[in-house]
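**Q** My structure is below; once you've seen it, I'll send some questions.
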Amino acid sequence: MPSVREQLEHWKRAIPRQEADDFSLDSKHVRVCAKHFDSSDIIRTDDFMITGDAWSLPRDKLRLRPNAIPRLFYGLPEYFTMPKPRPRTVRPPLKRPREPQTTARNLRVCAKTA
Numbered sequence: 001m002p003s004v005r006e007q008l009e010h011w012k013r014a015i016p017r018q019e020a021d022d023f024s025l026d027s028k029h030v031r032v033c034a035k036h037f038d039s040s041d042i043i044r045t046d047d048f049m050i051t052g053d054a055w056s057l058p059r060d061k062l063r064l065r066p067n068a069i070p071r072l073f074y075g076l077p078e079y080f081t082m083p084k085p086r087p088r089t090v091r092p093p094l095k096r097p098r099e100p101q102t103t104a105r106n107l108r109v110c111a112k113t114a
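Using full-length UniProt numbering, you'd call the opening residue of the sequence shown number 1 and step up by one each time.
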């Protein structure tokens with residue numbers, strides 16, 4: 001469980017389990033296994049650059065990325081499992097053609113208003 005209070009609150013809201021007299025998510029003995037996290041949230045290897053060469057070594061102990069939240073709960077109704085949100089894409093603004101500037105020379109006077 002995370003030690004940062006804000007992140008712990010996110011985890012509490014995400015985990016579909018109620019706290020009772022004999023169970024609390026605040027306990028230091030509570031753990032969440034890797035199957036409840038998206039595979040992109042788990043760090044399985046350490047990557048290094050040594051003398052210009054890239055090395056990747058498997059970790060003995062898995063590690064979570066910062067801001068990882070348990071999202072996958074198999075065996076429960078689907079609404080308990082929240083898919084990881086896709087990163088937002090930024091679209092370039094559409095360029096609109098310029099409107100011609102209206103000047104006094106370009107305006108025509110209507111016969112009724114003149």
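Think of the CB as a built atom: it goes at the ideal place given N, C-alpha and C, for glycine as much as any other residue.
As the structure is a prediction and not an experimental result, all values here were calculated from the model.
1. Once DSSP output is grouped into helix, strand and coil, what is the label at PHE73?
2. Can you give me the Cβ contacts of SER56 inside the same chain, cut-off strictly under 6 angstroms, excluding the 5 residues immediately before and after it?
3. Could you tell me the boundaries of the beta strand (DSSP E) in which ALA14 lies?
4. What does the alpha-carbon distance come out to for the pair TYR74 and VAL30?
5. Where ALA34 and GLN18 are concerned, what is the direct C-alpha to C-alpha distance, given to the nearest angstrom?
6. Taking the C-alpha atoms as reference points, what is the distance between ARG63 and PRO16?
7. Which complete beta strand (DSSP E) runs does the stretch 30-79 hold, if anything under 3 residues is left out?
8. Under 6 angstroms Cβ to Cβ from ILE69, same chain only, skipping five residues before and after it: list those, please.
**A** The answer reads as follows:
1. PHE73: coil per DSSP, three-state reduction.
2. Closer than 6 angstroms at the Cβ level, and outside the excluded window around SER56, lie THR45 and ASP47.
3. For ALA14, there is no enclosing beta strand (DSSP E); the residue is part of the alpha helix (DSSP H) that begins and ends at 5-14.
4. CA-CA distance, TYR74 to VAL30, rounds to 19 angstroms.
5. Straight through space, the alpha carbons of GLN18 and ALA34 are spaced by roughly 20 angstroms.
6. As the crow flies, the alpha-carbon of ARG63 is around 23 angstroms from that of PRO16.
7. If we require 3 residues or more, the beta strand (DSSP E) runs fully inside the stretch 30-79 come out as 42-50 and 53-64.
8. Correct list, in chain order: HIS10 and ALA14.
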